[in-house]
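Peer 1: One structure, pasted below without further comment.
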């Protein structure tokens, strides 16, 4: 089984930035994007079946967008877990330059002051690579200036290694409040001005797990993020849609 003490430690952390922010504050420093958490907390590749119980090993679902005739060296969706694990061992992780990102609203998710966005990372390289963990994120205004951002790692799903073939995707569900003010949000506006809890975020910097450089993509649609940019992000899973959507 998965080490519950390890998982509780990971989930209990808040966002990590390239300049190292505390778990309690976590408001992003100007110009510094949070660093995703990933394979630094686990060996590259998948542990062998002899060291991890079958219930804790990645299943075929952890292979994103597997082709019917995969390239040599790439695990196929109908391979056993043990076979796929052996093939993927030593596979290089996905680097920022290997990926593209999108951040789009989940239709029908709005309710009770909350809404979900789908963060998708797609392998645009010509090689198989792996991704593992949580994304780092930093909200940006219309001029690409940093906005308050507080990324909290959600316990929606456990972290797992995902193999991305060229064109394959991994996704995270990101929950936020666009209109319910929280601690530290702006006060009442001057008469005649429209009130929002925080400035509108038009773009977002995304840091893939274990990387220190970022992708920039549009927030679609643009939105304020209340509670000083509080966003609850799930671990990345295989496929173009995050968990529980």
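In my numbering, the protein residues as written are 1488 to 1732. By construction, the Cβ of each residue, glycine as well, lies at the ideal position given by its N, Cα and C atoms.
1) Contact check, residue 1688 vs residue 1712 under 8 angstroms by CB: the rounded distance?
2) Rank 1629, 1723, 1701, 1729 by C-alpha distance to the C-alpha of residue 1617 and give the top, closest one.
3) Looking at the strands, I want to know which residues DSSP matches up with residue 1616.
4) Closer than 8 angstroms is the cut-off here; do at least three beta carbon pairs connect the stretch 1638 to 1654 with the stretch 1609 to 1625?
5) Can you tell me which of 1601, 1694, 1726 puts its alpha carbon nearest to the alpha carbon of residue 1585?
6) Within 10 angstroms of the Cβ of residue 1594, are there 16 or more other Cβ atoms? Answer buried if so, exposed if not.
7) Based on Cα-Cα distance, which residue from 1581, 1583, 1589, 1582 lies nearest to residue 1690?
8) Give me the Cα-Cα distance between residue 1606 and residue 1633, rounded to the nearest whole angstrom.
9) Quick check: what's the CA-CA separation for residue 1624 versus residue 1579?
10) Which class does residue 1714 belong to by DSSP, given the choice of helix, strand or coil?
11) For residue 1668, I'd like the list of residues in its chain whose CB is within less than 6 angstroms of its CB, leaving aside the five on either flank, ordered along the chain.
12) Quick one, are the C-beta atoms of residue 1587 and residue 1641 less than 7 angstroms apart?
Peer 2: Reading off the structure:
1) Indexing the chain shown from 1 puts residue 1688 at position 201. Indexing the chain shown from 1 puts residue 1712 at position 225. Confirmed, Cβ separation roughly 6 angstroms.
2) Indexing the chain shown from 1 puts residue 1617 at position 130. In terms of Cα proximity to residue 1617, the closest of 1629, 1723, 1701, 1729 is 1723.
3) Translated into positions along the chain shown, residue 1616 becomes position 129. Looking at the DSSP assignment, residue 1616 forms a beta bridge with 1651.
4) Contact between the stretch 1638 to 1654 and the stretch 1609 to 1625 is established, with three or more Cβ pairs separated by less than 8 angstroms.
5) Looking up residue 1585 in the chain shown gives position 98. Comparing Cα-Cα distances from residue 1585 to each of 1601, 1694, 1726, the minimum goes to 1694.
6) The residue you call residue 1594 lines up with position 107 of the chain shown. Counting Cβ neighbours within 10 Å, residue 1594 comes out exposed, since fewer than 16 surround it.
7) Stepping through the chain shown from its first residue, residue 1690 is reached at position 203. It is 1589 whose Cα lies nearest to the Cα of residue 1690.
8) Residue mapping note: residue 1606 aligns to position 119 of the chain shown, counting from 1. Residue mapping note: residue 1633 aligns to position 146 of the chain shown, counting from 1. Rounded to the nearest angstrom, the two C-alpha atoms are 19 angstroms apart.
9) Sequence index remark: in the chain shown, residue 1624 carries index 137 (1-based). Sequence index remark: in the chain shown, residue 1579 carries index 92 (1-based). Distance between the alpha carbons of residue 1624 and residue 1579 is about 23 angstroms.
10) Position 227 of the chain shown, counted from the first residue, corresponds to residue 1714. In the displayed model, residue 1714 falls within a helix according to three-state DSSP.
11) By 1-based counting over the chain shown, the position of residue 1668 is 181. 1684, 1713.
12) In the chain shown, the residue the question calls residue 1587 occupies position 100. In the chain shown, the residue the question calls residue 1641 occupies position 154. No, they are not a contact pair.
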